[in-house]
Amino acid sequence: MRIAISGGSGMIGSAITKELVESGHDVYILTRSTVNRSSEPHIQYVRWLSANSYPEQELEGIDAFINLAGENLNSGRWTPAKKDKILKSRLQATRETVRILHALEKKPKVLINGSAVGIYGTSYSRTFTERDTEPGEDFLADVVTAWEEAAQDLPDETRLVYARFGVVLSTEGGALKKMLPAFQLYAGGKLGTGEQWMSWIHLEDVAKGVVFLLDQEDLEGPVNFTAPNPEKMKHFGKTLSVVLGKPFWAPVPSVMLKAALGEMSVLVLEGQKVLPDQLTAHGYTFRYPKLKEALENLVT
1 MRIAISGGSG MIGSAITKEL VESGHDVYIL TRSTVNRSSE PHIQYVRWLS ANSYPEQELE
61 GIDAFINLAG ENLNSGRWTP AKKDKILKSR LQATRETVRI LHALEKKPKV LINGSAVGIY
121 GTSYSRTFTE RDTEPGEDFL ADVVTAWEEA AQDLPDETRL VYARFGVVLS TEGGALKKML
181 PAFQLYAGGK LGTGEQWMSW IHLEDVAKGV VFLLDQEDLE GPVNFTAPNP EKMKHFGKTL
241 SVVLGKPFWA PVPSVMLKAA LGEMSVLVLE GQKVLPDQLT AHGYTFRYPK LKEALENLVT
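For the sequence shown, the residue numbers in the numbering used here are 1 to 300.
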């Protein structure tokens, strides 16, 4: 298949691109940068969201589009300007994606649009699946709701999937990379109460799961990208300490995290228990369904 991907240079996008190429697909990576001819087989770069760029002219005949573009949630305090950029970057990329799809003479079979489990809001007690349709009432829920709505005006021929990512585990970036130094320096401990849920997923399952979706013609709408065994934060930390052979003893109070991170502290102090019902119902087999095996693969 010929597949376009925006956000293809990020942690998730790079892993998906690698999986696509290894699976025999041709990949077109959309970029704002000046485009040079790729030296990598099966990968081409296409300029978009820049002056005088018309990506549809180079994307005619693509079979699928994967849109992951958007400002990184973890790249700084959530000031009013940062929050505005988080929202607007996602809306701009998604609206441009929709425009491109309408401009193509041959419509792609599927758009897999990035999304997040943050749409469900936070809870210590509830379990969320794709059947939950009432969004939460915080900033992230509002962003994801608007992000998904921006993708809805697609050509009738194009199937729409919202890939709702949980906490993606990788040593290349994200939450795990930020947590590792403290544990490696014997200063690891629970964050806040430790009772908050962490709906995690190994990066490899993200990449393989997205490729899996390409051929599931009856699967559309929201798809949760979380492992089938979410953990509370205190159990996550204890498991990481065991895998690393380090102690688990220095709790970080919620008030300190809120002071250091501001509103962004919601990413580690609050969470939600989210299950991947759609992936499992359609026969996807997780490579890393349990946390200990996932962490052992990543950090040992």
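Built from N, CA and C at the ideal position, the CB exists for glycine as well. In this text, all values refer to a predicted model and were calculated from it rather than measured experimentally.
Closest residue to S6 among L73, E60, S50 and T97 (Cα-Cα distance)
T97
Within 10 Å of its beta-carbon, does W200 have 16 or more other beta-carbons around it, so buried, or fewer, so exposed?
buried
Nearest neighbour of P181, chosen from D205, A163, L244 and V168 [CA to CA]
Of the listed residues, the one whose Cα sits closest to P181 is L244.
Quick check on this structure: which residue in T226, N297 and L269 has the alpha carbon closest to the alpha carbon of T239?
Measuring from the Cα of T239, the nearest candidate turns out to be N297.
Segment contact flag, the stretch 78 to 87 with the stretch 12 to 32, C-beta cutoff 8 Å, min 3 pairs:
no
Which two residues bound the contiguous alpha helix (DSSP H) that contains G174?
Boundaries of the alpha helix (DSSP H) around G174: G174 to Q184.
Inter-residue Cα distance where the pair is E60 and Q44
13 Å
Where does T94 sit, in a helix, a strand or coil, going by DSSP?
helix
Give the DSSP bridge partners of T127, in chain order.
T127 pairs with K273.
When DSSP labels each residue in this structure, what does Y54 get in the three-state scheme?
coil
Whole angstroms is fine: what's the gap from Q152's alpha carbon to E105's?
19 Å
Given I112 as reference, the closest of D63, A294, T171 and T127 once Cα atoms are compared:
A check of alpha carbon separations from I112 across D63, A294, T171 and T127 identifies D63 as the nearest.
Option in I12, E56 and D218 with minimal Cα separation from Y28
E56
Would you please state the rounded distance, in angstroms, between the beta carbons of E221 and E130? I believe it to be under 8 Å.
Here residue 221 turns out to be Gly, not Glu, going by the sequence shown. Sure, about 7 Å apart at Cβ, within 8 Å.
Tell me the rounded alpha-carbon separation between T31 and P247.
C-alpha separation (whole angstroms): 43 Å.
In DSSP terms, what I100 is bridged to
The partner list for I100 (beta bridge, DSSP) is empty, contrary to what the question assumes.
Is G173 near M11, with beta carbons less than 7 Å apart?
yes
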